[in-house]
Amino acid sequence: MKNIYSNIIKFNSKNLIKIINILKKNGIIGLPTETVYGLAGNAYSNNAIKKIFKIKKRLKKNPLIIHYYSLSNAKKDVILDKKFLKIYKKFSPGPITYIVKKKIHSKIKPLACANLKTVGIRFPKNKIIRKLLKKLEFPLAMPSANKSSGVSPVKPMDVFEEFNNKIKVIDGGISNIGIESTVLNLVGKICILRPGVITPKQIENVLKIKLNTLTKQTVVKSPGSFKKHYSPGIPVYINKNKCPDKYAFITFGKKYPVTRNSFNLSRKSNLNEAARNLYKFFRNIKKRGYKKIYVAKVPNTGIGIAINDRLKRASK
Ligand code: TXA
Ligand code: MG
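Counting from -4, one number per residue, gives the positions in the sequence shown under the working numbering.
This is the structure:
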């Protein structure tokens, strides 16, 4: 009998060749990154991109992030200015996506960018994906490896649960960060379209500017800021200080007692740890059959801004 998990594959030199071949033939594959697992395909291939949109049931107007190994690769497709370079030097490779202008002769397929004149580009830090990107002659279009509006996967089994045996997934263990990259818009008004572990303060310090706040217009520009998103599939209620026994209670900090239905994001009140646990808890809670999730207050500073952003959307 075929092992049902045989589509979760180890990263070794033999499989690296296999993966490259899948991608070259316009196939798609689940890959680890330091933020969350992604669903990758050749960004220069319409066939590959179509497959990504289809399997995710993603709206065509929601653009994909294009992942590169290096600046010299990205330069062929997008226009990079001084501000970009400053911030790139500080935070990449790492958990940040830059919205920049697309070159007219860019090879990125318009479908990947929802026909926009801009592109979201990212240079992931995870060692596995970097080894792979280095060997490829094209960048990878790669949204999070979950069905649209659901919770991003943070381990190979999560990806398997989303797509079963439809795709192969490379086992890179648990994602170190656990929530998606910060999305920074660098075209026109500089602003954060999606908060992440790289915080507004850190960006302001490097660019020596005050970031613009999101307006209705910029929200439309980033379709990922659709309100309902990151949903675990059961109702989520935020900013609660207690919770009925029959529902799951996501807490934060040592003031909350350990109970059968409680899931503490970080007893030490560490926001990095909380980010790493959030999606893991969402999936576990759903699996255990809880019908509702109550969530305690999480401080809205630093990485807490990103955690609250995801909680708010999950609660819509
Ligand atoms: O951490 C991450 O960013 C993960 C890993 C796999 O890299 N990827 C990810 O992709 O979260 P996705 O597709 O789930 O979210 C991409 C977000 C969406 O909100 C999308 O609207 C926004 O980036 N985006 C992409 N290109 C854009 C563009 N040209 N303008 C505005 N927003 C863009
Ligand atoms: Mg996503």
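A virtual CB, placed ideally from N, CA and C, is assigned to each residue, including glycine.
Inset, instruction - Only counting runs of 3 or more residues, tell me where the beta strand (DSSP E) segments fall wholly within the segment 206 to 284, in order along the chain. - result: 243 to 246 and 257 to 259
Inset, instruction - Output the distance between the C-alpha atoms of F247 and Y232, rounded to the nearest integer angstrom. - result: 15 Å
Inset, instruction - Throw me the rounded Cβ distance for the I245 and L260 pair, which I believe falls under 8 Å. - result: 6 Å
Inset, instruction - Compute the beta-carbon to beta-carbon distance between F133 and Y39, rounded to the nearest angstrom, for a pair I have assumed lies under 8 Å. - result: 5 Å
Inset, instruction - Give every residue of the same chain whose Cβ lies closer than 8 Å to the Cβ of K307, excluding the five residues on either side of it in the sequence, and list them in chain order. - result: I233
Legend entry - DSSP state of G33 mapped onto helix, strand, coil: strand
Inset, instruction - Could you work out which residue in N236, G228 and S257 is closest to Y242 when comparing CA atoms only? - result: S257
Inset, instruction - Report the option in I193, V149 and E199 whose CA atom is closest to the CA atom of G297. - result: I193
Inset, instruction - For L54, collect the residues of the same chain with a Cβ closer than 6 Å to its Cβ; drop the 5 residues on either side in sequence, then sort them by chain order. - result: none
Legend entry - Residue burial classification, I61 (beta-carbon count within 10 angstroms, cutoff 16): buried
Inset, instruction - Assign Y93 to one of three DSSP states: helix, strand, or coil. - result: strand
Inset, instruction - Would you give the residue range spanned by the alpha helix (DSSP H) that I300 belongs to? - result: G299 to A309
Inset, instruction - Please confirm whether any heavy atom of the ligand MG lies closer than 7 Å to the CB of S139. - result: yes
Inset, instruction - Measure the beta-carbon distance from L188 to I94 and round it to whole angstroms, keeping in mind my assumption that it falls under 8 Å. - result: 7 Å
Legend entry - The alpha helix (DSSP H) enclosing K20, as first and last residue numbers: Careful: K20 lies outside any alpha helix (DSSP H) and carries neither H nor E.
Inset, instruction - Tell me, please, whether the segment 154 to 169 touches the segment 97 to 113 by the rule of three or more beta-carbon pairs shorter than 8 Å. - result: no
Legend entry - Check whether A109 and A136 have beta carbons under 8 Å apart: no
Inset, instruction - Report yes if the C-beta of E29 is less than 7 Å from at least one heavy atom of the ligand MG; otherwise report no. - result: no
Inset, instruction - Compute every distance between the C-beta of S147 and the non-hydrogen atoms of the ligand MG, then say whether any falls below 7 Å. - result: yes
Inset, instruction - Assign P190 to one of two classes, buried (16 or more other C-beta atoms within 10 Å of its C-beta) or exposed (fewer than that). - result: buried
Inset, instruction - Pull up the CB-CB distance for V146 and P227, whole angstroms please, since I reckon it's below 8 Å. - result: 5 Å
Legend entry - Span separating the alpha-carbon of I116 from that of K286: 38 Å
Inset, instruction - Kindly examine the ligand TXA and report whether one of its heavy atoms sits closer than 7 Å to the Cβ of S101. - result: no
Inset, instruction - Name, in chain order, the residues that DSSP records as bridge partners for G115. - result: I60 and I94
Legend entry - Contacts around K281, its chain only, beta-carbon distance under 8 Å, and the 5 residues preceding and following it disregarded: P227, G228 and I229
Inset, instruction - Report all residues from its chain with a CB closer than 7 Å to the CB of N207; omit the five preceding and five following residues, and keep chain order. - result: K184, I185 and C186
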